[in-house]
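Residue numbers (full-length UniProt numbering): 1 to 566.
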């Protein structure tokens, strides 16, 4: 039969009690009689007998603690009662107190008191261990130093001090909310900085400000990550306050009109004995037909049903190309004696994309039929081109980019899409390429540059703001040679080490360099291992000096010799 064995707990808890005041206002004993009636004005000679254990009253003789006051019915005190540590708290647990009047004869009982403690014992004591249900295996000691910033709750869990975060990491993440010159942020549950409205870049304490505007002070929205200003369409400049004055042009040249039948839109001849007195009214803007009176350009030909021409139509430069964009043309017959007769109408929507940055493209030549419904159609030949003005880009010529190399405006050129391309050693086009980084490896620094951010990346063994601090030592190489084998007993030329002594093994020794695998001269190899034999075991550690930086190709070179060279 197996039996459970219970280990004896030496001490597991303590109760501390301090009595501070006793009062007996009437000066009487338990029976209502004055303590000393034969002496007028004399008070009780009070003493207290105290038991701290069980509230069940023991006999007074069992209470070891005694507090005495001569001639005092009431008095204050500061008497700590510290019973021995308990092995295990067995309830009920409290105290019993008997107050007595000290007499020459038998002492008189004044009163008794008892109280049962109701508070739960706090854990931890002096050892900082918690959760008795789990054998007090949870450890927590409060800290307020470089190792942590926390208190311990009743379960031994770490509770971070104000402005410290992440109990799992000993509350070593610090964050204090700010809204002043040093930063503008709140702190999340993990101590991360959360920028206030209109402030950006928590890594820099949210010191980048951007508030979207569309008024005289600017026309922009804000990049949600960097806080950079993004100008609205047709605006540019540092605060997007510069209006795009002119960003593109459309050129149209009408080259030929043909009315083969000489009829108007209803199929009637313009003139009985002559040809139509044709004139064209032209609008270059929207292909939606306006009224003829709103088309400002007029081309006239007397007594001509068909004719060639070279008439350029250059509408005013547009601020932003808004599609659809094209032309509307109405052909009329001029009558002097009656109202003019409509011959036909034409419209066309331009499909070509504008070329960027003032690059003038070749002409696009086309021919379109009229819209009249009779069998013989009129035709109109034309050519056109669309291009953006200098420094403007995009399908709507609304993107502005102009080369600059100035600390005031930035350091960039422009590609064919109008994107800013930083000049050499300048970075971050979103900020006009104002971040400078030039790789160095001299007394002013030892670094290369991050190709995106322009941040300095220190070379191996260097650190500091400009990578000017040299690492004193950064690593070690330990090598242990354990075995050498030369089964044939031959040297590097294929001959026996000791040709004069048949069967004699080589008197081998090794010269070892642990640095570069490029063979140095033997005289440069400081370590020598000797053994008279072709093959042997060894346990020889080779520990070269600590290296400042581990260079690729670091290895060892070993030269193997026979002490009896031939």
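C-beta: ideal position from N, C-alpha, C; glycine also.
>> Looking at residue 433: is its Cβ nearer than 8 Å to the Cβ of residue 456?
In response: Along the chain shown, one-based indexing puts residue 433 at 433. Along the chain shown, one-based indexing puts residue 456 at 456. No, these two residues do not count as a Cβ contact at 8 Å.
>> Can you tell me where the beta strand (DSSP E) holding residue 101 begins and where it ends?
In response: Start at 1 with the first residue of the chain shown, and residue 101 comes out as number 101. Where residue 101 is concerned, the enclosing beta strand (DSSP E) stretches over 94-101.
>> If distances are taken between C-alpha atoms only, which option among 237, 112, 328, 375 comes closest to residue 95?
In response: Taking the first residue of the chain shown as 1, we reach residue 95 at position 95. For residue 95, the nearest C-alpha among the options comes from 112.
> What residue range is occupied by the uninterrupted beta strand (DSSP E) comprising residue 117?
Replying inline: If you number the chain shown from 1, residue 117 lands on position 117. Where residue 117 is concerned, there is no enclosing beta strand (DSSP E), given that its DSSP letter is neither H nor E.
> Nearest to residue 364 by alpha carbon, out of 373, 353, 446?
Replying inline: The count along the chain shown starts at 1 and reaches residue 364 at position 364. It is 353.
> What is the rounded straight-line gap between the Cα of residue 30 and the Cα of residue 42?
Replying inline: Counted from its first residue, the chain shown places residue 30 at position 30. Counted from its first residue, the chain shown places residue 42 at position 42. Roughly 17 Å separates the two Cα atoms.
> Can you tell which of 462, 429, 454 has the C-alpha that lies nearest to the C-alpha of residue 445?
Replying inline: Indexing the chain shown from 1 puts residue 445 at position 445. Taking only the C-alpha atoms, the option nearest residue 445 is 462.
> Pick from 454, 109, 384: whose alpha carbon is nearest that of residue 99?
Replying inline: Translated into the one-based positions of the chain shown, residue 99 becomes position 99. Closest by alpha carbon: 109.
> Buried or exposed: where does residue 565 fall if 16 or more other Cβ atoms within 10 Å of its Cβ makes it buried?
Replying inline: Walking along the chain shown from the start, residue 565 turns up at place 565. The predicted position of residue 565 is uncertain, since its pLDDT is 36 and thus under 50; a value taken from the coordinates is nonetheless stated next. Result: exposed.
> Would you report the Cα separation of residue 15 and residue 199, rounded to the nearest angstrom?
Replying inline: One-based indexing of the chain shown puts residue 15 at position 15. One-based indexing of the chain shown puts residue 199 at position 199. Each residue's Cα considered, the two are about 56 Å apart.
> How would you label residue 471, buried or exposed, when you count the other beta carbons within 10 angstroms and need 16 or more for buried?
Replying inline: Residue 471 sits at position 471 when you count from the first residue of the chain shown. It counts as exposed.
>> Quick check: the Cα distance between residue 419 and residue 279, rounded to an integer number of angstroms?
In response: Here residue 419 refers to the residue found at position 419 when the chain shown is read from its first residue. Here residue 279 refers to the residue found at position 279 when the chain shown is read from its first residue. Between residue 419 and residue 279, the C-alpha separation is close to 46 Å.
> Anyone know if the C-beta pair for residue 422 and residue 447 falls short of 8 Å?
Replying inline: For the purposes of this step, residue 422 is identified with residue 422 of the chain shown, where counting begins at 1. For the purposes of this step, residue 447 is identified with residue 447 of the chain shown, where counting begins at 1. Result no, Cβ atoms of residue 422 and residue 447 do not sit closer than 8 Å.
> The beta strand (DSSP E) spanning residue 387 covers which residue range?
Replying inline: In the chain shown, counting from the first residue as 1, residue 387 sits at position 387. Per DSSP, residue 387 belongs to the beta strand (DSSP E) from 379-388.
> Between the beta-carbon of residue 248 and the beta-carbon of residue 388, is there less than 8 Å?
Replying inline: Counting from one through the chain shown, the residue named residue 248 turns up at place 248. Counting from one through the chain shown, the residue named residue 388 turns up at place 388. Going by C-beta atoms, residue 248 is nearer than 8 Å to residue 388.
> So what's residue 490 in DSSP terms, helix, strand or just coil?
Replying inline: Numbered from 1 along the chain shown, position 490 holds the residue referred to as residue 490. In the structure shown, residue 490 sits in a strand (DSSP, three-state: E or B).
> So which of 206, 207, 228 has the shortest CA-CA distance to residue 649?
Replying inline: Lying outside 1 to 566, the shown extent of the chain, residue 649 is not represented and no answer is given.
> At what residues does the beta strand (DSSP E) containing residue 332 begin and finish?
Replying inline: As a position in the chain shown, residue 332 is number 332, starting the count at 1. Taken as a continuous stretch (DSSP letters only), the beta strand (DSSP E) holding residue 332 covers 326-333.
> So is residue 281 buried or exposed if we call it buried at 16+ other beta carbons inside 10 Å?
Replying inline: The residue you call residue 281 lines up with position 281 of the chain shown. Looking at its Cβ environment, which holds 16 or more other Cβ atoms inside 10 Å, residue 281 is buried.
> Sorted by chain position, which residues of the same chain lie with C-beta nearer than 7 Å to residue 394's C-beta, five sequence neighbours on each side aside?
Replying inline: Here the question's residue 394 lines up with position 394 in the chain shown. Excluding residues within five positions, the ones whose Cβ falls inside 7 Å are 418.
> Which residues share a DSSP beta bridge with residue 180?
Replying inline: One-based indexing of the chain shown puts residue 180 at position 180. Residue 180 is bridged to 183.
> In three-state terms, what does DSSP make of residue 133?
Replying inline: Counting from 1 along the chain shown, the entry for residue 133 is found at position 133. Helix.
>> Let's test the definition: count the other Cβ atoms within 10 Å of the Cβ of residue 326 and tell me whether it reaches 16, buried, or not, exposed.
In response: Reading the chain shown from its first residue, position 326 is the one you call residue 326. With 16 or more other Cβ atoms within 10 Å, it is buried.
> Which of the three DSSP states, helix, strand or coil, is assigned to residue 312?
Replying inline: Taking the first residue of the chain shown as 1, we reach residue 312 at position 312. Correct three-state label for residue 312: strand.
> Could you check where the beta strand (DSSP E) with residue 215 kicks off and where it finishes?
Replying inline: On the chain shown, residue 215 is found 215 positions in, with the first residue counted as 1. Segment 213-215, the beta strand (DSSP E) holding residue 215.
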